[in-house]
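The structure appears below as structure tokens.
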Amino acid sequence: MKTQWIVGSAVVIAVGLTLSSFLGVFESRVDYNTQVKPLLNKNCIACHGGVKKASGFSLLFKHEALAPAKSGKPA
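Sequential numbering from 140 applies to the sequence shown in my numbering.
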């Protein structure tokens with residue numbers, strides 16, 4: 140009887156931990172200022188920001204980044 144209780148408790152704990160970690164993946168959100176902006180600053184802004192706009196594409200401002208390209212399609 141005691142063995143069944145221990146095994147049952149272990150199964151419940153294992154399932155609980157698995158579900159909590161699985162559901163945590165869906166709850167995480169991307170933060171622009173701490174996760175996205177540093178990547179753009181490190182890898183993109185040198186060529187696609189400020190005065191220099193390689194291929195006419197700028198990431199400096201949101202409206203410029205989302206504006207249609209010369210072809211009329213989004214970049």
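Quick reminder that beta carbons are idealized off the backbone N, C-alpha and C, glycines included.
Please read all numbers here as calculations on a predicted model, not as lab measurements.
Taking the C-beta atoms as reference points, residue 179 is found nearer than 8 Å to residue 198. Per DSSP, reduced to three states, the secondary structure at residue 189 is coil, with no helix or strand assignment.
Put simply, the backbone Cα of residue 182 is about 16 Å away from that of residue 190. Residue 202 sits away from residue 196, with the two beta carbons spaced by 8 Å or more.
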